[in-house]
Amino acid sequence: MEGMVLYHPTVCPVGNNYQIAVVVYADALISVRVGKKSYFCHTNGIRKSKPGVHKITVPMSELDEARGYTLIAEKMIERLDYYSKTGEPVERRYAFRPIEKTSDINVYHLADVHGYFDHAVACAEPYSNGLDLLVLNGDVSSASDTFDAITLCYKISSRIAKGEIPTVISRGNHDLRGALAEQLTEYMPDSLGKSYYSFRVGCIWGLLVDTGEDKDDSNSAYGHTVCCHDFRLCVGEMIKSTIENPKEEYEADGVRYRLVISHVPFTFPKDEKIFDIERELYSDWANVIKENIKPNLMLSGHTHKCCISHPGDELDELGHPCTVVVGSELIKTEANGRIMRGAYINLRENNARVVFNSNLGDVCEQIIKI
2 MEGMVLYHPT VCPVGNNYQI AVVVYADALI SVRVGKKSYF CHTNGIRKSK PGVHKITVPM
62 SELDEARGYT LIAEKMIERL DYYSKTGEPV ERRYAFRPIE KTSDINVYHL ADVHGYFDHA
122 VACAEPYSNG LDLLVLNGDV SSASDTFDAI TLCYKISSRI AKGEIPTVIS RGNHDLRGAL
182 AEQLTEYMPD SLGKSYYSFR VGCIWGLLVD TGEDKDDSNS AYGHTVCCHD FRLCVGEMIK
242 STIENPKEEY EADGVRYRLV ISHVPFTFPK DEKIFDIERE LYSDWANVIK ENIKPNLMLS
302 GHTHKCCISH PGDELDELGH PCTVVVGSEL IKTEANGRIM RGAYINLREN NARVVFNSNL
362 GDVCEQIIKI
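Note that our numbering has the sequence shown beginning at 2, numbered continuously upward.
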């Protein structure tokens, strides 16, 4: 793989499939073999060979049953009209651990890394052994301005998940900024080009909500480059279409935990991080989710301050759909430079153990009902 693939693959749940994302930095053909069947990154039958993120869709049921996959890379020497030249296939085998437990499920949540890779690893690595699900919830970089910035989430996943467990990756508001932001769909997990979707991993059903930017589209900071109001209307339609098929979604056989993943905790009061936009729309989202989906937890970042907020608490301005865990923090101190915190969440029978920990090793934990 050396000279072609940069990190371990990242296995992302999207709907009832996995998208296996492979960061490729040289011309190469990438495929995945599960059992005896091969899967490819292609556009209408044309295999991708240029550097970038090669996303390969594999049926979830097949990978879960196989409990492993083989990554195959072939150097693209010369792509011609006829008789293209490729190198010999190079293979690497990966074990995969689907979520088969129905309790005692270990989740690690990170957001707002803003490029501090070493800090992020220091937070998550102590919990990597026995981890069942990794959630990278937006603003992993401060902007989508370079290839390295966009793929930093995969670098973190490579270190923590090692291609062996599912990883949920969502967008944050900073991900919409930068010269490469308009190409983000090519790099990130998606459902038919959309950055918002439902997913299923074992007994966990999740709704990935994307709020887009955090200020009004007319804000001068954006220079007329975003249209997030129209985008949010589409997200709202997705939420409403999801509740039209509950038996195929959050009420499907085997679903035990229901999670909402949203970088912005959109029901929080407006302050220096939560701006005065879309209050009616966000309230409608929260109500629809609460009355129909009845999630156990919403996982968020954005505020740069770890907290747990229950419905009716001081931070519940628009009507939380459930308890909200803001599991990320990034602060600057004179003594220690940057301090980062993430959240380890252990899902149990009727409660969850939430542990906020920092890159310096300090921890704070709380048991909450779910």
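Think of the CB as a built atom: it goes at the ideal place given N, C-alpha and C, for glycine as much as any other residue. Everything numeric in this text was worked out from a predicted model, so none of it was measured.
Query	Result
Beta-carbon proximity check, Thr268 vs Ala287, cutoff 8 Å	yes
Pick from Asn220, His55, Arg201 and Tyr84 that is closest to Glu249, judged by C-alpha positions	Arg201
Contacting residues, own chain, Cβ-Cβ under 6 Å from Ser129 (five flanking each side not counted)	Ile161
Through-space distance from Ser62 to Val15, alpha-carbon basis	13 Å
Pairwise C-alpha distance: Pro266 and Phe276	11 Å
Phe41 - partner residues in DSSP beta bridges	Ser32
Tyr283 classed as buried or exposed, judged by whether at least 16 other C-beta atoms fall within 10 angstroms	buried
Which of helix, strand or coil DSSP assigns to Tyr155	helix
Nearest candidate by alpha-carbon position, reference Lys51, set Glu79, Ile369 and Lys38	Glu79
Neighbourhood of Ser39 by C-beta, 6 Å cutoff - its chain only, sequence neighbours within 5 removed	Ser32
Through-space distance from Glu101 to His225, alpha-carbon basis	47 Å
Spatial neighbours of Asp146 in its chain, beta-carbon cut-off 7 Å, leaving aside the 5 residues before and after	Gly179, Ala180 and Leu181
Three or more C-beta pairs below 8 Å linking the stretch 77–95 and the stretch 22–36	yes
Given 8 Å, three or more beta-carbon pairs between the stretch 113–122 and the stretch 344–352	no
Contact set for Asn293: own chain, Cβ-Cβ below 6 Å, skip 5 residues either direction	Ile244
Cβ neighbour criterion (16 or more within 10 Å) applied to Ile47	exposed
DSSP-derived helix/strand/coil call for Gly203	coil
Whole-number beta carbon distance between Tyr198 and Val54, since they are thought to touch under 8 Å	Between Tyr198 and Val54 the Cβ distance is about 17 Å, and since that is not below 8 Å, they are no contact.
Straight-line gap, His43 to Gly302 (C-alpha atoms, nearest Å)	33 Å
Start-end ranges of the beta strand (DSSP E) lying completely within the stretch 332–367, minimum 3 residues	338–348 and 352–359
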